[in-house]
Each structure stands twice: as C-alpha cells, then as structure tokens.
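A.B. asks:
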Amino acid sequence: MGKYIVRRLLQMIPVIIGTTFIIYAMVFALPGDPTAGKCGERQCPESFVAEYREKYNLDDPLPIQYAKYMGQVVQGDFGTNQYGVEVREDLAKRFAVTGRLALMAIAVEIVIGISAGILAGIRKGRFVDNLVLVSTLVVISIPIFVIGAVLQYFLGVRLGLFPVTVSSEATTYELLLPAIVLGSLSVAYVARLTRTNLVENLRADYVRTAISKGLSKRRAVGLHALRNSMIPVITFIGFDFGALLGGAIVTEGIFNIQGVGGYIYRGIQVRDGVAVVGAVTALVIIYLFVNLIVDLLYGVLDPRISHD
Amino acid sequence: MTEQAIVETAHSSDANPVGEARSLGADARRALARNPLFWISATMIFIFVLMAIWPSLFTNTDPTEAVLSQARERPNSEAWFGRDIQGYDIYARVIYGARASILVGVFTTLFTTTIGAALGITAAYFGGWTDSLISRVTDIFFAIPLLLGAILFMSAFPSSNDPYFVVVFKVVAAISLLGWPALTRLMRSSVMQVLPNDYVQAARALGASPWRIIRSHVIPNSLGPIIVVATINLGAYIALEATLSFLGIGLQPPVISWGVSINDAIVGLRTTPHMLFFPSLFLSLTVLAFIMLGDAVRDAYDPKTR
Chain A
1 MGKYIVRRLL QMIPVIIGTT FIIYAMVFAL PGDPTAGKCG ERQCPESFVA EYREKYNLDD
61 PLPIQYAKYM GQVVQGDFGT NQYGVEVRED LAKRFAVTGR LALMAIAVEI VIGISAGILA
121 GIRKGRFVDN LVLVSTLVVI SIPIFVIGAV LQYFLGVRLG LFPVTVSSEA TTYELLLPAI
181 VLGSLSVAYV ARLTRTNLVE NLRADYVRTA ISKGLSKRRA VGLHALRNSM IPVITFIGFD
241 FGALLGGAIV TEGIFNIQGV GGYIYRGIQV RDGVAVVGAV TALVIIYLFV NLIVDLLYGV
301 LDPRISHD
Chain B
309 MTEQAIVETA HSSDANPVGE ARSLGADARR ALARNPLFWI SATMIFIFVL MAIWPSLFTN
369 TDPTEAVLSQ ARERPNSEAW FGRDIQGYDI YARVIYGARA SILVGVFTTL FTTTIGAALG
429 ITAAYFGGWT DSLISRVTDI FFAIPLLLGA ILFMSAFPSS NDPYFVVVFK VVAAISLLGW
489 PALTRLMRSS VMQVLPNDYV QAARALGASP WRIIRSHVIP NSLGPIIVVA TINLGAYIAL
549 EATLSFLGIG LQPPVISWGV SINDAIVGLR TTPHMLFFPS LFLSLTVLAF IMLGDAVRDA
609 YDPKTR
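Order-wise, the sequence lines are chains A and B.
When you line the first sequence up against this note's numbering, it's residues 1 to 308, in that order.
When you line the second sequence up against this note's numbering, it's residues 309 to 614, in that order.
(1) Quick one: give me the first and last residue of the alpha helix (DSSP H) that Lys3(A) is part of.
(2) Taking Gly487(B) as the reference, which of Val526(B), Thr539(B), Tyr433(B) and Thr420(B) has the closest Cα?
(3) Cβ atoms of Ile122(A) and Val221(A): under 8 Å apart, would you say?
(4) Would you kindly check if the distance between the Cβ of Ala387(B) and the Cβ of Ile398(B) is under 8 Å?
(5) If you compare alpha carbons, which of Asp607(B), Leu596(B), Phe389(B) and Ala608(B) is closest to Phe356(B)?
(6) Less than 8 Å between the C-beta atoms of Phe586(B) and Phe366(B), yes or no?
(7) Would you mind working out which of Ser592(B), Pro581(B), Leu591(B) and Leu589(B) sits nearest Glu381(B), comparing C-alpha positions?
(8) Inspect the CB distances between the segment 60-75 of chain A and the segment 19-27 of chain A and report whether three or more fall short of 8 Å.
(9) Look at Thr551(B) and Leu601(B) and say whether their C-beta atoms are less than 8 Å apart.
(10) Does any residue of chain B have a CB that is nearer than 8 Å to the CB of Tyr153(A)?
(11) What are the start and end residues of the alpha helix (DSSP H) that includes Gln378(B)?
(12) Going along the chain, which residues of its own chain have a beta-carbon closer than 8 Å to the beta-carbon of Ala92(A), five neighbours each way excluded?
(13) On the criterion of 16 or more Cβ atoms from any shown chain inside 10 Å, does Ile293(A) qualify as buried, or is it exposed?
(14) Below 8 Å on C-beta distance, what does Phe554(B) contact in chain A?
(15) I need the DSSP call for Thr80(A), collapsed to helix, strand or coil.
(16) Does DSSP classify Asp397(B) as helix, strand or coil?
(17) Please tell me whether Arg100(A) and Leu175(A) are closer than 8 Å, where the distance is taken between their beta carbons.
(18) Out of Asp272(A), Glu200(A), Gly262(A) and Leu245(A), state which residue places its alpha-carbon closest to the alpha-carbon of Leu288(A).
(19) Would you decide whether Ala107(A) is buried or exposed? Buried here means 16 or more other CB atoms lie within 10 Å of its CB.
(20) Using a 10 Å radius around the Cβ and a threshold of 16 neighbouring Cβ atoms, would you call Pro14(A) buried or exposed?
(21) Can you list, in chain order, the residues of the segment 286-305 of chain A whose Cβ is nearer than 9 Å to any Cβ on chain B?
(22) I'd like to check one pair, Tyr396(B) with Val526(B): are the Cβ atoms closer than 8 Å?
(23) Cβ of Phe255(A) less than 8 Å from any chain B Cβ?
(24) For Leu656(B), which of Phe415(B), Gly435(B), Ser349(B) and Gln560(B) has the nearest alpha-carbon?
(25) What residue does the alpha helix (DSSP H) around Pro518(B) start on, and which one ends it?
(26) In terms of residue numbering, what span does the alpha helix (DSSP H) encompassing Asn201(A) cover?
(27) At what residues does the alpha helix (DSSP H) containing Asp506(B) begin and finish?
(28) Could you check how far apart the C-beta atoms of Ile535(B) and Leu491(B) are, in whole angstroms? I think they sit under 8 Å.
(29) Using DSSP bridges, identify the partner residues of Arg391(B).
(30) So, under 8 Å CB-CB, Ala400(B) and Thr351(B) are touching, yes? Tell me the CB distance rounded to an integer number of Å.
(31) Exposed or buried, Ala482(B), counting other C-beta atoms within 10 Å across all chains shown (16 or more means buried)?
(32) Please name the residues in the segment 464-488 of chain B whose beta-carbon is closer than 7 Å to at least one beta-carbon of chain A, in chain order.
(33) Applying the 10 Å Cβ sphere with the 16-neighbour rule, what's the burial state of Trp519(B)?
(34) From the DSSP secondary-structure annotation, give me the bridge partner or partners of Glu86(A).
(35) Taking the CB atoms as reference points, tell me whether Ala191(A) and Val132(A) lie closer together than 8 Å.
(36) DSSP on Ala248(A), reduced to helix/strand/coil?
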C-alpha cells in the first residue's frame with residue numbers, strides 16, 4: 001500500500017507538468033498584446049514594455065519561459081497579478097470559498113443522488129424508479145444557468161427562503177442554494193449511475209448466494225450489491241470534485257460568489273496569465289490528490305482490485 | 309454414426325424449440341422495435357434533425373425579421389411563442405436555432421466517445437506500459453476542468469468574423485479536446501471489471517486474437533455504462549455550448565441558437581418569462597430525446613438486462 005502511494009505520487013509529477021504546460025501555452029497563446037491597456041489610454045512607454053517582457057520572460061522561447069515560471073512556483077512563489085497582489089494570497093482566499101462550495105455540492109450529490117439511485121434501483125420499473133428517472137432527466141436537460149436564475153428568483157427573491165446573493169463572508173447558509181444549483185447536474189448523474197450499477201449487480205450470483213444463505217434482503221443489497229455498485233459512482237464523484245472547483249464559474253457569477261472560477265475567468269479576459277496559470281496549477285494539484293484517494297477507495301470497496 | 313449423420317443431427321438441433329439462432333445485434337434490433345420509448349425518442353430526434361437540416365419546412369417567418377412595435381409581446385395567434393426584445397418571432401428563432409445545438413451535441417459526442425472508448429479498451433486490455441502511458445496522458449487532459457479549458461480554447465482562438473460552420477466546429481473542438489478523458493476512464497474501469505471473467509479467459513485459452521476477444525466479449529459486456537454517460541453527455545454538451553454563449557465566447561449573435569436566445573432572455577426572467585421558456589423547452593426536449601434513446605439502446609444491447 002505504501003509503495004503504491006509513493007508510486008502514485010511520483011506519477012503525479014509528469015501530470016502536473018503536462019497540465020500546467022498546456023494551460024501555460026494556451027494562456028500565453030491568447031491573441032493580443034499583453035501590455036495593451038496597462039498604461040491607461042495611451043501607448044505604454046518603451047521602457048515599461050521592456051521591463052514587463054523581461055519580468056515575465058516573454059522574449060524567451062515558450063518551454064524556457066515555462067521552466068522559469070515553474071522554477072518559481074516550486075519555491076512557493078506564484079508571482080503577483082496585474083494589480084501587484086500576491087497570487088498566493090488571492091488563491092488562499094478564493095479557494096477557501098470555492099472549496100466549501102464544492103464540498104457542499106458533493107454532499108448534496110451523495111445524500112440526494114445516491115439515495116435516489118438506490119430507491120430507483122431496488123424498485124426497478126415501479127413508480128419511484130420512473131419518478132427518479134424522469135426528474136433526473138428534467139434536471140440534466142435544463143442548463144445550469146437557467147436552473148440557477150430560476151431558483152434564485154423563486155426561492156430567493158419571491159419566497160425569501162434563501163439569501164439572493166452571497167456576501168464576502170460566504171456563510172454556510174448563504175452557500176446552500178448555490179451548492180444545490182452547482183451539484184444539481186451531478187446529482188442526476190450520480191442517481192442514474194447508482195441505479196444502473198445496482199440493477200446490474202442485483203442480478204449477480206453473489207447476491208443470489210447471499211440471499212440463499214439466509215441474509216436479509218436489506219443486508220444482501222446494502223452490503224454486497226451496493227458496495228460493488230459504488231465503484232463507478234465514486235470514480236464519478238472523484239473527478240466531479242475537480243470539475244466543480246473549476247466549473248463553478250457560472251454559479252459564482254449568478255450568486256456573486258468571490259471564488260476561484262470567477263478569478264480565473266477574469267484573468268483570462270484581461271490576459272492576467274500569472275493569475276490564471278497559478279490558479280489552475282493549484283486546482284490540478286488538489287484534483288490529483290482527490291483522485292489518488294478515490295483510487296485507494298477502489299481496493300476498500302472491491303477486494304478483487306488490489307494495489308500490491 | 310457417420311459424419312453425415314452427425315452434421316444432420318447438429319442441423320436439426322439448430323431448429324429446436326428455442327427458435328432460430330440470432331446474433332446479439334439482431335436480438336437487440338428486435339428488442340428495440342418493441343420498445344415504445346425507442347419510437348418516441350427516435351421520432352423526436354427525427355423531428356429535431358429535420359428542423360436542423362430544413363427549418364423552412366416548419367415556418368415561413370423569417371427569424372431575422374424584427375417587428376420592433378411588437379417587441380416582448382406575449383404568445384398570440386400571430387406569433388405563437390410571442391416575440392423577443394428585438395421583436396423577432398420566437399417560434400421562428402426556436403426552429404432555426406436547432407441546427408447549432410444538434411451539430412455541437414452530435415459531433416462532440418461522436419468524437420469524445422470514439423476516442424474515449426478506443427483508448428479505454430486499449431489501456432485496460434493491454435495493461436503494462438500501454439496502460440501507464442494512456443492513463444497519464446488521460447490524466448493530463450482530465451485534470452483541466454472542462455468549462456475552464458473550453459473558455460481558454462475559445463479565447464485563444466477568438467471567432468468574430470468566422471463563417472457559421474467554423475464557429476460551430478471550434479466549439480466542438482474545444483469541448484472534444486477536454487471531454488474525451490472522462491469517457492476513457494469510465495471505459496477503462498468498465499473493461500477492467502469484465503476482463504477477469506471466465507469467458508474472457510476461455511476465449512484467450514482457445515487462442516482467440518486480442519481483436520476478437522475485444523470485439524465479441526469485452527465490448528458487448530462493457531459498453532453499457534459508456535452508452536448511458538455518452539447520451540447524458542450529449543445533452544450536457546448542448547448545455548455547455550449554451551453556457552459558453554452565456555459567458556459571451558461561444559456562438560454569438562447574429563448566429564441563431566437556443567443558447568443565445570436563452571442568454572438574451574435570462575435578464576427578463578421576471579417580466580417576460582415566455583422569452584426564456586420556449587428556447588429552454590426545446591433545448592430540454594432535445595436532450596430528453598437523446599437520453600431516452602440511449603436508455604432504450606442500452607436495454608436492448610446489454611445481454612445482462614434480458
């Protein structure tokens with residue numbers, strides 16, 4: 001097990017390098033002059049342009065630029081963004097908010113998604129099953145910004161059940177509605193995946209054996225079938241965490257949350273390369289660790305999969 | 309018993325009460341033909357695809373004809389779905405908007421699923437360094453969040469004056485580039501559950517080639533999950549196209565698409581809900597049709613559900 005973890009940690013290094021390089025290349029391939037508009041409504045002086053290009057190594061070939069940048073990141077220096085603020089400080093603040101939002105969305109997925117999937121799976125073809133299938137379809141088929149805007153209007157503005165926007169403190173209560181909106185699409189995926197896998201596993205020999213050796217149906221389903229059905233679901237939730245962190249742009253926009261998504265989006269628009277690459281690098285590292293944990297869970301859930 | 313007799317007995321036992329021998333595909337086609345869900349969703353998809361190919365079949369109104377004096381009118385006998393803020397007929401806009409969404413959804417799903425399934429099977433079946441290489445490359449692309457990557461891609465290749473199809477295929481490329489790793493991982497884990505089974509070992513012991521084992525044993529038994537996710541994804545891709553438009557970097561006016569219409573309407577949610585309702589309804593119905601089709605096909609092709 002320990003060996004496996006060390007090997008996985010070593011495998012992360014090329015992934016981090018590959019991902020950040022792609023992002024770095026894309027950000028610095030963005031069209032337009034990086035110094036445009038930095039000096040108000042006039043051309044930037046030659047000396048400023050020269051200093052700027054020197055500071056961000058813009059005259060070097062791309063791989064060398066990238067190597068120099070990563071050299072700084074490894075030492076914990078994410079650089080400063082266009083406003084002269086340390087990117088590291090910005091990220092710490094933003095990740096605290098988006099991280100909580102994503103965790104709450106995952107909680108919504110697990111609680112609602114898995115229970116709906118189990119209910120539908122063990123009552124296949126009955127009313128509950130059809131109800132779950134139809135309602136997940138409805139959720140999947142409506143774009144997230146329509147769901148967000150409509151829920152914000154009805155639950156927030158009309159009924160006043162939830163705060164309409166999120167203040168800079170971002171309390172748990174304020175983040176509840178955004179978390180439901182953010183997790184809504186994945187809840188549907190989780191419910192359908194759980195149902196599909198449970199239905200398949202319920203027909204498996206080991207479930208029949210479990211029932212014929214006298215276990216209650218509850219135990220046979222809960223302990224044997226469900227455990228094996230959870231592998232694809234956990235895989236999905238694991239990668240969804242990364243998607244939620246980065247994909248919260250729309251939800252953050254609708255509810256005015258000061259999170260990572262908005263930070264990156266603004267960075268892309270104003271060509272603040274340092275901010276974008278820094279934020280994405282942090283996202284990727286978090287995501288990779290979450291997935292390592294998911295892979296370790298495989299072995300726990302299904303003893304046939306071993307890590308030795 | 310002579311050889312002739314053995315052959316004859318074998319033949320006569322073919323026509324036993326079990327019925328004629330049918331391949332998995334033939335069986336699946338029969339099951340599909342009996343499934344009402346399949347016919348409903350196929351009809352809906354047929355209508356939407358027809359709408360995408362030949363919109364003038366459904367309406368005579370020009371979607372770019374602005375009647376400003378009737379702007380934001382509620383649905384009435386003249387404009388069935390009402391008019392939007394520019395005075396455009398929403399019914400005509402919705403009909404003409406099908407093309408962009410259908411193109412993006414179908415092509416993105418095609419690309420991501422093909423790449424994902426092929427790489428997933430290769431990685432799981434051959435294992436070893438092939439698996440390591442594919443898994444690491446997958447990890448690299450997978451670690452970039454889909455929406456963020458698509459935003460970056462669309463910003464790196466801005467499309468202000470490009471023709472219609474170029475813009476649509478840029479969106480397809482942006483989503484495909486980062487969409488395939490999810491399906492690769494899913495396929496890999498699904499194949500890994502199939503491989504330890506006795507029938508795979510038996511086929512291998514009988515000397516079947518890797519291609520034959522993959523084609524006749526691995527694919528039929530591991531395709532279920534990827535079909536479900538691919539069909540759900542088709543809807544998600546259409547919604548993602550709309551999201552990119554919402555952020556102002558996907559399709560943009562004067563291109564007519566459901567995403568663009570929804571984005572125009574979302575600010576007027578309180579005063580003119582009909583502007584939001586109809587494009588959303590069509591978008592949702594399209595997604596619904598593809599998911600229902602996927603479910604029906606899975607039930608038919610998966611030997612385990614019979």
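Ideal Cβ placement from N, Cα and C applies to all residues, glycine included.
Predicted model, so just to flag it, every value in this text is computed and none were measured.
C.D. replies: Inspection of the coordinates gives the following:
(1) Unbroken alpha helix (DSSP H) run through Lys3(A): Gly2 to Phe28.
(2) The residue with the shortest Cα to Cα distance from Gly487(B) is Thr420(B).
(3) Closer than 8 Å, so yes.
(4) yes
(5) Leu596(B)
(6) no
(7) Pro581(B)
(8) yes
(9) At the C-beta level, Thr551(B) and Leu601(B) stay beyond 8 Å of one another.
(10) True, the Cβ-Cβ gap to chain B drops below 8 Å.
(11) Premise fails: Gln378(B) is in no alpha helix (DSSP H) and is neither H nor E.
(12) none
(13) exposed
(14) By Cβ distance, chain A contributes Pro143, Phe145 and Val250.
(15) strand
(16) strand
(17) yes
(18) Leu245(A)
(19) Exposed.
(20) exposed
(21) Tyr287, Leu288, Asn291, Tyr298, Asp302, Arg304 and Ile305
(22) no
(23) Chain B contact via Cβ: absent.
(24) Within the shown structure, residues of chain B are numbered from 309 to 614, placing residue 656(B) beyond reach of any answer.
(25) Pro518 to Ile521
(26) Thr172 to Leu202
(27) Asp506 to Ala513
(28) Contact flag wrong, Cβ pair sits at about 11 Å.
(29) Beta-bridge pairing links Arg391(B) to Asp397(B).
(30) Wrong, their Cβ atoms sit about 22 Å apart, outside the cutoff.
(31) Buried is the call here.
(32) Ala464 and Pro466
(33) Counting of Cβ neighbours within 10 angstroms places Trp519(B) among the exposed residues, the total staying below 16.
(34) Beta-bridge annotation (DSSP): Glu86(A) is paired with Thr80(A).
(35) yes
(36) It is coil, neither helix nor strand.
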